[in-house]
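Working notes for the structure below.
Residue numbers (the numbering used here): 1 to 1014.
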């Protein structure tokens, strides 16, 4: 067996310089402009009258290029709270007005401007069409006001009423923070002047999208059901269903033993409806198409649903906000279905009056980003173009094809792209003349047509895909429980799209008319004996995802050209800011390279043949990228996923391939942790990187891949040799089993920091690795000096007693003294009903913030971090602690003031993460020797024998040590330490003349503190 070495190249850079090609325009919904050339002309009433001088306020901050981890850290240290991304390279932020000068001083900040009221107002207010005549004739606007995170909806409601508008409903959060308001047109500017409001739009209007399926989406061969025949019918799956109220007396839904909806009902696990049970024709039909099953009632399987063994969590569409047909809090109802166990969600409704990215779109994307296992599907408009909310980034937009024998033809569905150029719809399934359950009839059916009928069948297909993975059918093609995995929503979506095929009745493929084509599950899933294989190359949650500049490589073995090769990348993007255009926040890129070196970029197609072509430009807009090759040459194909622009968090993704391919196994390595060891004679031993120190740094890599990493070794290079020099360039690693981590063996990486590096500078270490024919890049940040620290509580666990007013108090005493720039609190509380819990955090200054205030009634446990994962219920926000002194007693009070059967809870653990406004530990190394000067042109090279190279140079006065460097670049953009020479001015490099690479050399003097000259 041949073992391939894992090579890890560690490339170090500091705060990067501007990308010369970075776009300078700022793209808002209301205007597109370069802020250095001029700001948009806004009416006087839509500008801030008096700029704030102190206190938290809202601004737009544009940076010089793509956001990198060091820049993100520098912004946070400056007191910036990033709240939303705006193309290009701009963020809506909250920062104390008194700290703007420090923010402006950051070298990569291009522009800072007020977030003007005019930026908050949807340009469609007052001009969008409504189909309801009464809505068109109303003398007022029905508005949705979205608030900035952490703001008080109650305070905004008071301001709205003071302005003379009517508050219809308040959504208290934690997400969404939203008001529904009736306001005269003349009050629009006044509402926009409320600082806590981030966006205003008109409440949408619902349009139901209705104007045999199972074998068509499974095999496209009449009466052939390859998925059902394997026993995959939807068992164990729950489908979220937001629609009209289905008829519970229909035999497709009825439970003959107990027909009350609930967890024990055979078909409907939840039925949320303020008007009670109903018999809506549309909702009954779509529920039946998704999961209807009449066999327990009359023994027949006629017109059963596509996932007939699945169950349904239903929410009444008209109840979403309690205002008839005008939902604005879609998030909460998707989340309610998730809590019922639903992981796929069908929706056959929308708003045909707008094509904009609305609050509904943001709700879908926020939910999908928060709940990474879920996938939301929406029927696209039956009109001529895609509208909302199917234009959300993370949902699957579904169009309707014809029914058999016309499934290759278009039936109904709006054409893409979205207003900001993204491909929609994604897939089609039959939606013409679909037979399904009929309301007001015990066991009858009816025929309906429209995209409404296609969405539930596609959602059912997604449920079957989830069951396939959860039961362990992958990778063997046979049900193997030990191989079971929980697929992310991205993996379910990638598998679904990868199985879509060209609809020959529509010209061009892929296209804005048919998207990726008609769903055909037999092309997506692999079963034992199939010629066409399936490889799940990656299913990475966001925590294991990519940052800007990182990449992950995979090798795929293609055995023959008999089957077309299709590679699909899907990533679940963060929600967009409602005032931004386009809606893209994060961008990953797909590149597939054949055995001959021909590279195919994702989404670069010849739409006549439907094949990928070489060349073209990368897609920076879509969160689905695909490469298709009709006749792929056999051999090893290289696949790379790169973090082109990750502006929020890390970006997870799913990557699947089908064709005559075998399941790929291989390691996937990413940075897990690192240690700072500065206890040598060149450091002060405080575990913090300081200017002038030489640091030893063991690095731990985690293997999240599908195979063990063996024969692991590492090679390091420095991307900024002028300031940070990696002096030990190689390290070995132990074997790293999959799912485990391994730390570099001694000698570890070693780097020297120049003495003139400023305290607070952030260093980015990028690790380029390859292993078992895999390769990729991961990165992490090391700060010069320490500007943050974690403080765990030592007095836990503590019991939380029942029915107390004082509660239980845990204290963390912080000895470090600095000014807080950001405060995070991680809490792990065990309790059977957190709706009984009040939890408050009090700072040494006496400020109290209510983290949890009896929310999530009926749910168990709190295990989260405020405010990175969860916003406090309030009153108060975590920002209230910013600007205060860190030192002293921080107290967490937990109260259960409710009596009853629920047993006492337990505060298991909690901790604080405090970020200072600047480094509070930074001690430059005090060296008695000056940094050596340059050698000039004294270095001479000469041949020594057939293969060796002799380096000779003149001495520098007072310098005893020298270091020899080489680089393949004359600019020394990356370099390698050859040797450290003591007490001599020459060095013999053995074998140098046999190296296959041409090298450039430098010799630098080294003082007694290991600090180099130029």
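Backbone N, C-alpha and C define an ideal beta-carbon position, used for all residues, glycine too.
Residue environment: residue 393 is assigned as buried (16 or more neighbouring CB atoms within 10 Å of its CB, all protein chains considered). Taken through DSSP and simplified to helix, strand or coil, residue 813 comes out as strand. Counting every other CB atom within 10 Å of its CB across the protein chains shown gives residue 531 a total below 16, marking it as exposed. Looking at the DSSP output, residue 981 shares a beta bridge with 962. The way I'd put it, the stretch 767 to 781 does touch the stretch 659 to 675; three or more beta-carbon pairs between them come closer than 8 Å.
For residue 379, no alpha helix (DSSP H) segment is defined; the enclosing uninterrupted segment is the beta strand (DSSP E) at 375 to 379. Annotated three-state conformation of residue 71 is helix, per DSSP.
By the 16-neighbour rule on beta-carbons within 10 angstroms, residue 129 is exposed.
By alpha-carbon distance to residue 858, the top candidate from 200, 218 and 832 is 832.
Residue 285: member of the alpha helix (DSSP H) spanning 281 to 291, first to last residue.
Straight through space, the alpha carbons of residue 506 and residue 248 are spaced by roughly 39 Å. When the five nearest sequence neighbours on each side are left out, the beta carbons in the same chain lying within less than 7 Å of the beta carbon of residue 338 are those of 371 and 374, in order along the chain. Sorting 49, 655, 882 and 303 by C-alpha distance to the C-alpha of residue 495 places 655 at the top.
For residue 453, the enclosing alpha helix (DSSP H) has its first and last residue at 451 to 470. Put simply, of 78, 1008 and 450 the residue whose alpha carbon is nearest the alpha carbon of residue 401 is 450. DSSP, reduced to helix, strand and coil, places residue 503 outside both helices and strands of the structure shown, so it counts as coil.
Per DSSP, residue 723 lies in no beta strand (DSSP E) segment and is marked neither H nor E. With contacts defined by Cβ atoms closer than 7 Å, residue 1004 and residue 966 do not form a contacting pair. If you look at residue 162, you'll find it in the alpha helix (DSSP H) that goes 153 to 163. At a Cβ-Cβ threshold of 7 Å, residue 268 and residue 312 count as neighbours. Shortest Cα-Cα distance from residue 377 to any of 429, 749, 470 and 81 involves 429. Residue environment analysis places residue 980 among the exposed positions, since fewer than 16 neighbouring C-beta atoms fall within 10 angstroms of its C-beta. With contacts defined as CB atoms closer than 7 Å, residue 939 and residue 1011 fail to qualify as a contacting pair. Along the stretch 374 to 441, the beta strand (DSSP E) occurs as fully enclosed runs of 3 or more residues at 375 to 379, 396 to 401, 410 to 412, 427 to 430 and 434 to 437, listed in sequence order. The shortest C-alpha to C-alpha distance from residue 647 to any of 634, 586 and 699 is the one to 586. DSSP assignment within the stretch 186 to 212 yields the following whole alpha helix (DSSP H) runs of 4 residues or more, N-terminal first: 188 to 192.
In the three-state reduction of the DSSP assignment, residue 856 falls in the coil class. Taking C-beta separations shorter than 6 Å and ignoring five residues to either side along the sequence, the partners of residue 972 in its chain run 721, following chain order.
Residue burial annotation: residue 1000 is exposed, with fewer than 16 other C-beta atoms found within 10 angstroms of its C-beta. Under the three-state reduction of DSSP, residue 863 is assigned to strand. Residue 85 and residue 493 have their C-alpha atoms some 25 Å from each other. Annotation for residue 25: no alpha helix (DSSP H) segment contains it, and DSSP assigns it neither H nor E. It is roughly 19 Å from the alpha-carbon of residue 817 to the alpha-carbon of residue 848.
Contact between the stretch 93 to 105 and the stretch 45 to 59 is present, with at least three C-beta pairs closer than 8 Å. Looking at the DSSP output, residue 891 bridges to 811 and 842. The straight-line gap separating the alpha-carbon atoms of residue 609 and residue 597 is approximately 22 Å.
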